[in-house]
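**Student:** First residue of the sequence shown? That's 524 in our numbering, and the numbers climb one at a time after it. Glycine included, each C-beta is placed from N, C-alpha and C at the ideal position. Provided herewith is a single structure, encoded as structure tokens, for subsequent inquiry.
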Amino acid sequence: MSFANISGNWTGWGTWTYEGSGTHCDSMTLGFVETKDKLTRTGGYFDCQVVGLDIDPGVWTKQGNNLIVDGAVVGTITENAIHVTEQYSDDVKIVSDIAIEAGHFAYSEIWYDKEDVVIYEITGRLFKK
524 MSFANISGNW TGWGTWTYEG SGTHCDSMTL GFVETKDKLT RTGGYFDCQV VGLDIDPGVW
584 TKQGNNLIVD GAVVGTITEN AIHVTEQYSD DVKIVSDIAI EAGHFAYSEI WYDKEDVVIY
644 EITGRLFKK
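In structure tokens form, the structure reads like this:
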């Protein structure tokens, strides 16, 4: 079983890009709990000036390096990285990547439409509280 050392509350900043235009995210928060068998996102919030985004909780079962939801592999987890694809709606999927470094992580969240065209791109750097 891989442990990404992601448990805890994280805070930082980043950018939100939509159709080539971006806005600064002055505050980004995410929370995680990782156990031997599960990865849980406890929630979060991105405050990006003109737009805000509540981050819903999520639970993934760990099987080796795979992250599983409803019996399907939806991502991977290693000591230094997490990759997850979530279905937001029938027409939109969200692909999130976390690259973990000493005391912080680089975050990327890309929203795609059903033709795999990028809708939003959110990036950030978060630090453990």
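Could you tell me the alpha carbon to alpha carbon distance between aspartate 612 and aspartate 570, rounded to whole angstroms?
**Tutor:** Strictly speaking, residue 612 in this sequence is serine, with aspartate absent from that position. The straight-line gap from Cα to Cα measures roughly 22 Å.
**Student:** Check whether the Cβ of tryptophan 539 lies closer than 8 Å to any heavy atom of the ligand SAM, and answer yes or no.
**Tutor:** As presented, the structure is devoid of all ligands, the ligand SAM included, so that no description of it is given.
**Student:** Isoleucine 600: which of Ile621, Val615, Asp614, Pro580 sits nearest, CA to CA?
**Tutor:** It is Ile621.
**Student:** Buried or exposed: serine 619, going by 16 or more other Cβ atoms within 10 Å of its Cβ?
**Tutor:** So serine 619 counts as buried.
**Student:** Let me know the alpha helix (DSSP H) ranges lying completely inside the segment 561-642, each 4 residues or longer, listed in chain order.
**Tutor:** List check, alpha helix (DSSP H) in window: nothing returned.
**Student:** Thinking C-alpha only, which one of Lys561, Lys616, Arg648, Ala625 is nearest isoleucine 633?
**Tutor:** That would be Lys616, whose Cα lies nearest to the Cα of isoleucine 633.
**Student:** Where serine 530 and tyrosine 630 are concerned, what is the direct C-alpha to C-alpha distance, given to the nearest angstrom?
**Tutor:** Approximately 15 Å, taken between the alpha carbons.
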